[in-house]
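Enquirer: Just passing along the structure, written as structure tokens.
Number of protein chains: 4
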Amino acid sequence: MELTQAPRRARELGIVVGSRETGPWNAITDVAGVRVGHTTLVEGDDIRTGVTAIVPDQLDHRRALPAGLFVGNGHGKMVGSTQLAELGEIETPALLTATLSTFRVADALVSHMLRLPGRESVQSVNPIVAETNDGYLSDIRARPITAEHVHAALESASAGLPAEGSVGAGTGTGALGFKGGIGTASRRFTGGTGTASSEGAVTVGVLVQSNFSGLLRVLGVPILGRPAEQTGNSCVIVVATDGRFDARQLSRLARRAVFAMGRVGADFAGGSGDYAIAFSTAAPDGPPLPEAELEPAFASVLEAVEEALLNSLFMATTTTGFGGHTKHAVSHEQVLRALRESPGRGDRGHRDRGDS
Amino acid sequence: MELTQAPRRARELGIVVGSRETGPWNAITDVAGVRVGHTTLVEGDDIRTGVTAIVPDQLDHRRALPAGLFVGNGHGKMVGSTQLAELGEIETPALLTATLSTFRVADALVSHMLRLPGRESVQSVNPIVAETNDGYLSDIRARPITAEHVHAALESASAGLPAEGSVGAGTGTGALGFKGGIGTASRRFTGGTGTASSEGAVTVGVLVQSNFSGLLRVLGVPILGRPAEQTGNSCVIVVATDGRFDARQLSRLARRAVFAMGRVGADFAGGSGDYAIAFSTAAPDGPPLPEAELEPAFASVLEAVEEALLNSLFMATTTTGFGGHTKHAVSHEQVLRALRESPGRGDRGHRDRGDS
Amino acid sequence: MELTQAPRRARELGIVVGSRETGPWNAITDVAGVRVGHTTLVEGDDIRTGVTAIVPDQLDHRRALPAGLFVGNGHGKMVGSTQLAELGEIETPALLTATLSTFRVADALVSHMLRLPGRESVQSVNPIVAETNDGYLSDIRARPITAEHVHAALESASAGLPAEGSVGAGTGTGALGFKGGIGTASRRFTGGTGTASSEGAVTVGVLVQSNFSGLLRVLGVPILGRPAEQTGNSCVIVVATDGRFDARQLSRLARRAVFAMGRVGADFAGGSGDYAIAFSTAAPDGPPLPEAELEPAFASVLEAVEEALLNSLFMATTTTGFGGHTKHAVSHEQVLRALRESPGRGDRGHRDRGDS
Amino acid sequence: MELTQAPRRARELGIVVGSRETGPWNAITDVAGVRVGHTTLVEGDDIRTGVTAIVPDQLDHRRALPAGLFVGNGHGKMVGSTQLAELGEIETPALLTATLSTFRVADALVSHMLRLPGRESVQSVNPIVAETNDGYLSDIRARPITAEHVHAALESASAGLPAEGSVGAGTGTGALGFKGGIGTASRRFTGGTGTASSEGAVTVGVLVQSNFSGLLRVLGVPILGRPAEQTGNSCVIVVATDGRFDARQLSRLARRAVFAMGRVGADFAGGSGDYAIAFSTAAPDGPPLPEAELEPAFASVLEAVEEALLNSLFMATTTTGFGGHTKHAVSHEQVLRALRESPGRGDRGHRDRGDS
């Protein structure tokens, strides 16, 4: 018997991570100028893959944005990492895709950048492409993703609430014993000054591509899934903020993004490529925010990544693909029942010293 | 009204983390040759501090042991880090103490090493000393720790179950809203070959010095403590194993040790110096264990660190110190009641692909 | 007037770097099992580019070889770096090419690996591809390199003395004010035990792709070239050894490879992607060589890289390409005259403590 | 026969490194607010050691200064490294001393900081102390350096030309086959905007503690010394600038400082702890300088470190110490003769693309 539940975000199920305020969409797109696009490939019995693009519009008029990276477990094919770390910046949108398609996606991103108006004499591009292995549900060796798929993801990128679950680079992924996928969330806090957004509020938005092993925990309550059959998985996390943080500070944010995987039960297996990239859209018209402003940003990352990972699971749909393999969506009913039976869960709220 | 509960380890309270087998002591000393010693300083109203020594006997006849390091958040005064990383080894016992005493402890450790028989012409020592800030309960600026205290910790180091809770370098620490301290735990697994211990079993033991902020979670159940009043805290984790892992592999183990802090509710605040050191006692008489052997070791680290952190809290005793400040031990009764009210907790068990 | 000199290796000109013994070919191919192949693209007026492949035969029967990386200046698009660092290994040949072709070369290398016998079910490949910007002499935006070119470089890889100078990935490069290209050299020393080669001798071979700015120095004597007109250059260095060094030790070797660039006058400009990869072909049938064995290996790397960089220049031929730009080969006569006028040069010989 | 030459700086001997303008003192003290102090211990036959303090006055009114670190070879006992890297700053003066005295010097620096007015409630200090092994000329195991010696170095720190050669932390060191010691140099360039100094000029000053093996090269000309008898040496380099660079940029500067060691013939032996720290005194009242401003700063670091290393040798005096060991100062006459015999040296001048 198959689940026929409608996809729901965590908050639609009444599941709230932490006590911090979200942005209007509770999504990475709450950071002004950040758009998300997906190309989803579902072809025949064997292809369940795709591309997801995170596009900061600020790159239209600035050569690069400050960025930091954390490699939680470097068993992955992250493209662009050394230049990102050296210069502390990204100069292209960030793309997510399937392991064996990484390099043709990167090549297509190079093509895209070279074609942009005003870049007719550019001779160097550092594309940012991360990946995860969707080979359990998709015929990954077929490498079906083409430059057109990449361009479609970039062109279709839009503001507002991004599609989540079994879409884009999350079409064929699985996490914590269930069908995984794309998830997003955001948090806002005040106190920062001189940020890109008005009124001094700082927004932190995250997007995840979930594909890793462990035992799912929803607000701390374990939800038994199926053991991972797949090796070489990964979790890629993209953090965007309009807070004027510099590259070093952003790398500290990126670290917390990977740390947050533990909150939903990641087992940090050695074959998983666990990466986080954090970038800032703030105009570089002053010194970076003081280090103390990082504390609410750290807490925001921890909360937002936990919720985005839950969204990636709750929004995913049961998928059958390559070799007849199936990954089942987690049953919302099972989760809600478990939460009801663990009333201690209600008082959840990661409080940090920065607020009270 | 003050708690008068007797200190208890997690398992004495019926709280079991994961499903893996422990060593005989469920302690870092289950790794053959590893001894632990404490000097505890409780003087007058203001001094609540100490030194903890982790002493691998293998250093008696080998110049150094393979070791790896992970800096989760480098806001700390870890001594010996760059040489540890460059050469992939430790050449002294590892000492833990209070922030402002770090360097006199390191100096005393140098004295200790120079005095050892056979080292009469040694001209260089790379002492390993890590620290945490116990300035809320202890007059840290007084720096009361002397070379004699250091030598006492080293000389008293013994096999068997180490003292836990408010002892040694954990005398004045606090974690997750409660009194913190020293905790330890271990795990064993089979499958490895060529290890120091007989029968091919590999032991992973950990010792923690807990002193960080966040919301305590016991097997996922939140236990409300008091907000941290203190800044500049740290969590130092020492991992020992008799598995023949090399420095690179040990640094991967160390990374999981810091990741495990999230399992008990760490908020990974920016002012915390979160470090893990992992070393191997195995004789270097063959190639390192294959990478696949790391999977059960990773899972063992995650479980053992979680349990050691719980032990550090459950074994701690309410302490009043500097400035009349008090850190309360977590109430076992409060924890057990919360667990009873969350029956979903029973099926806990971090399973990884590497076993079952 | 144009130079019409025949390409000559440094030693053919009587220029000897250091006092250490070379391997039979004075080339990276002196490490048994290491082959080198080039595809050189010279098409019309605008295309001066190519691919160079370093192929360790040991990968035919072993999944991976121990490897280390050093990023001297990360302004480059090195593919495969994070997994190389995490696992301490390479699992593919190393390819060198032009910046904007990096990802299609990486994609072709993935295709090549997937097609190898016995890899029919492999779902993950970490290709190693490094690059440099040859956009001054070649129409880099045209990205003329195809999968066929990559396969040709891999298939044609052979033992013996590799072609040097304006070939393969060095076809369109320039260094230190002159035409640059591919160069190679090697050194041998005894004292190691348990190495892949017989008789306990250890061979260290290097191959460079030279493309960076500075003032050429030959055995310390400055040779005035033309200022660099090009930005975004790089120097990629591949070090192979049959010494049984582990990943950490190999990363120490890689560091010295970049340090050696200073010996020929590199100015370590910020836009240069300066990378070194070191790998070992030794069978993993014992513990790694003791750290002391690294000293002669360090000295060998310093000497061999210096000589390989000289070879890359002395073997290069004056090249005119994209936009009518020309890079002139350094005049051997000019170099030899300068050396004659600086008789102090004769006593060159970098001696280290590790030998006599 | 012993040399009785008077100490001379490189420029007093007519030896000029590069073509860039120096500051008024050609010293690290050309960076406004940076003072240098030494305590020199020459006691009896066996003690030849000391302490050198680099004191930025800006720390009187700011908690910390932006700073970056590069570990060229981590075989050393650098204190303060992980917090420097995490927060991208130094909060104390930088001290240099002898290996086995490192920790008592660090402890004394902690005492000094705690005593400063306005710091009565400070509970955490991250002292910056680096070291080198002077055990060939000094009875390093005696550890004669006391807190008073440290305070004397800090208190005596002054502007103007620092003492060089066999003073302070360079009293007992040796480099490249000769007596080593302390050296300093500086460079200035225009083009930067918004710097701490007026008129937009940026100053880069360096101070070195030379103690490493290799074959001395003066402007490329080899000068034969004696092989190193000592192991565990180090080269510590401190770079100060008034350019408003951030921590990431400063770490790029620090990298070039270590690279520059190759210019005087360093062999980068495995036992040497080669470290560079770079800090900026500029007020944090705007965004960091653009990355392009780093190019002249890189070139300045390369030139200044090369010259400072030469100064450390040319200013050193022949020293006999522990065990009757002697390190001979390099003969100025020998150097000048070698340079005369290599007329090609005259056109020295490391030019980079950033200037012309």
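Protein chains in written order, with the numbering used here: chain V, 1 to 356; chain X, 1001 to 1356; chain B, 2001 to 2356; chain Z, 3001 to 3356. Glycine included, C-beta positions come from ideal geometry on N, C-alpha and C. Bear in mind the structure is a predicted one, so any value in this text is a computation, not a measurement.
Can you give the Cα-Cα distance for Ser-2158 (chain B) and Leu-3309 (chain Z), rounded to whole angstroms?
Expert: If I take the Cα positions, the gap works out to 45 Å.
Enquirer: If the criterion is Cβ atoms closer than 7 Å, does the pair Pro-2093 (chain B) and Ile-2054 (chain B) meet it?
Expert: A contact, by the Cβ cut-off of 7 Å.
Enquirer: Residues of chain Z with CB under 8 Å from Leu-2310 (chain B), in chain order?
Expert: Chain Z residues near Leu-2310 (chain B): none, gap ~14 Å exceeds 8 Å.
Enquirer: Please compile the residues from chain X whose C-beta is within a distance smaller than 8 Å of the C-beta of Leu-3087 (chain Z).
Expert: Correct list: Gly-1074 and His-1075.
Enquirer: Whole angstroms is fine: what's the gap from Tyr-1275 (chain X)'s alpha carbon to Ala-3247 (chain Z)'s?
Expert: If I take the Cα positions, the gap works out to 22 Å.
Enquirer: Starting from the beta carbon of Ala-2299 (chain B), find every residue of chain Z whose beta carbon is closer than 8 Å, and list them in chain order.
Expert: Those within 8 Å of Ala-2299 (chain B) in chain Z are Asp-3267.
Enquirer: Quick check on DSSP: helix, strand or coil for Gly-2214 (chain B)?
Expert: It is a strand residue.
Enquirer: Establish whether the CB of Leu-3176 (chain Z) and some CB of chain B are separated by less than 7 Å.
Expert: Output row for Leu-3176 (chain Z): interface = no.
Enquirer: Could you pull out every residue in the same chain whose Cβ sits closer than 8 Å to the Cβ of Glu-1155 (chain X), ignoring the five residues on either side in sequence?
Expert: Contacts found: Gly-1037.
Enquirer: Taking one C-beta from the region 1095-1104 of chain X and one from the region 2243-2257 of chain B each time, how about it: are there three or more such pairs within less than 8 Å?
Expert: These segments do not touch.
Enquirer: Leaving aside the five residues before and after Ser-1234 (chain X) along the sequence, list all residues of the same chain whose C-beta is less than 6 Å from its C-beta, in chain order.
Expert: The residues are Gly-1076, Thr-1132, Asn-1211, Ser-1272 and Gly-1273.
Enquirer: Does Thr-2319 (chain B) have its Cβ less than 7 Å from a Cβ in chain V?
Expert: No, because no Cβ of chain V sits closer than 7 Å to the Cβ of Thr-2319 (chain B).
Enquirer: Let me know the secondary structure DSSP gives Val-1042 (chain X) once reduced to three states.
Expert: Val-1042 (chain X) falls in the strand class under three-state DSSP.
Enquirer: So what does DSSP say about Leu-3096 (chain Z), is it helix, strand or coil?
Expert: Note: Leu-3096 (chain Z) maps to strand in three-state DSSP.
Enquirer: I need the DSSP call for Pro-296 (chain V), collapsed to helix, strand or coil.
Expert: Helix, per DSSP.
Enquirer: Compute the distance between the beta-carbons of Ile-223 (chain V) and Val-305 (chain V), then report whether it is under 7 Å.
Expert: The answer is no: Cβ separation not under 7 Å.
Enquirer: Within 7 Å of any Cβ in chain V, is that where the Cβ of Gly-2135 (chain B) sits?
Expert: Taking Cβ atoms only, chain V reaches closer than 7 Å to Gly-2135 (chain B), which makes this a yes.
Enquirer: Residues of chain Z with CB closer than 7 Å to the CB of Met-1078 (chain X), please, in chain order.
Expert: In chain order: Thr-3082.
Enquirer: Where do the N-terminal and C-terminal ends of the alpha helix (DSSP H) with Asp-1970 (chain B) fall, by residue?
Expert: Given a span of 2001 to 2356 for chain B in the structure shown, any question on residue 1970 (chain B) remains unanswerable.
Enquirer: Roughly how many whole angstroms lie between the Cα atoms of Leu-137 (chain V) and Leu-41 (chain V)?
Expert: Those two C-alpha atoms are separated by around 12 Å.
Enquirer: Find the residues of chain B that neighbour Leu-100 (chain V), judging by a C-beta separation of less than 8 Å, and give them in chain order.
Expert: Those are Val-2110, Leu-2114, Gln-2123, Ser-2124 and Val-2125, listed as they occur along chain B.
Enquirer: Can you give me the C-alpha to C-alpha distance between Gly-1220 (chain X) and Ala-169 (chain V), rounded to a whole angstrom?
Expert: Whole-angstrom Cα-Cα distance: 30 Å.
Enquirer: Under three-state DSSP, which class holds Gly-398 (chain V)?
Expert: In the structure displayed, chain V extends from 1 to 356; residue 398 (chain V) sits before or after that span and is not available.
Enquirer: Would Ser-1342 (chain X) pass as an interface residue toward chain V - the criterion being a Cβ-Cβ separation below 7 Å?
Expert: It does: the Cβ of Ser-1342 (chain X) has a partner Cβ on chain V nearer than 7 Å.
Enquirer: With a cut-off of 8 Å on the beta carbons, I'd call Gly-265 (chain V) and Gly-214 (chain V) a contact; round off their distance for me.
Expert: About 4 Å; that satisfies the 8 Å criterion.
Enquirer: I need the DSSP call for Ile-1223 (chain X), collapsed to helix, strand or coil.
Expert: Correct three-state label for Ile-1223 (chain X): coil.
Enquirer: State whether the region 2012-2019 of chain B contacts the region 2102-2122 of chain B, with contact taken as three or more CB pairs (one from each stretch) at a distance under 8 Å.
Expert: Cβ pair count under 8 Å is below three, so no.
Enquirer: By how many angstroms is the C-alpha of Thr-2320 (chain B) removed from the C-alpha of Thr-2409 (chain B)?
Expert: There is simply no residue 2409 (chain B) to check, as chain B begins at 2001 and stops at 2356 in what is shown.
Enquirer: What does the Cβ neighbour count give for Asp-352 (chain V), buried or exposed, with the cut at 16 atoms within 10 Å?
Expert: Confidence at Asp-352 (chain V) is low in this model, with a pLDDT of 33, below 50, so the placement of that residue should be treated as unreliable; the coordinate-derived value is given next. Asp-352 (chain V) should be labelled buried.
Enquirer: Strictly by DSSP, which residues pair up with Gln-209 (chain V)?
Expert: Partner(s): V:Ile-182 and V:Val-236.
Enquirer: Taking only beta carbons into account, state which residues of the region 255-281 of chain V come closer than 8 Å to chain B, listed in chain order.
Expert: Flagged, chain order: Gly-273 and Tyr-275.
Enquirer: Quick check on the DSSP output: the alpha helix (DSSP H) that includes Glu-148 (chain V) runs from which residue to which?
Expert: It spans 147-155 - the alpha helix (DSSP H) in which Glu-148 (chain V) sits, taken as one unbroken run.
Enquirer: If the cut is a Cβ gap below 9 Å, which residues of chain B does Arg-141 (chain V) touch?
Expert: Those within 9 Å of Arg-141 (chain V) in chain B are Leu-2114, Glu-2120, Ser-2121, Val-2122 and Gln-2123.
Enquirer: So that I know if they touch, is there some Cβ in chain B lying closer than 7 Å to that of Phe-103 (chain V)?
Expert: Yes, because at least one Cβ of chain B sits closer than 7 Å to the Cβ of Phe-103 (chain V).
Enquirer: Could you give the distance in angstroms between the alpha-carbon of Phe-1268 (chain X) and the alpha-carbon of Gly-3323 (chain Z)?
Expert: One C-alpha to the other measures close to 51 Å.
Enquirer: Going by C-alpha distance, which of Z:Gly-3068, Z:Leu-3176, Z:Val-3167 and Z:Phe-3298 is nearest Thr-3184 (chain Z)?
Expert: Nearest of Z:Gly-3068, Z:Leu-3176, Z:Val-3167 and Z:Phe-3298 to Thr-3184 (chain Z), Cα basis: Z:Val-3167.
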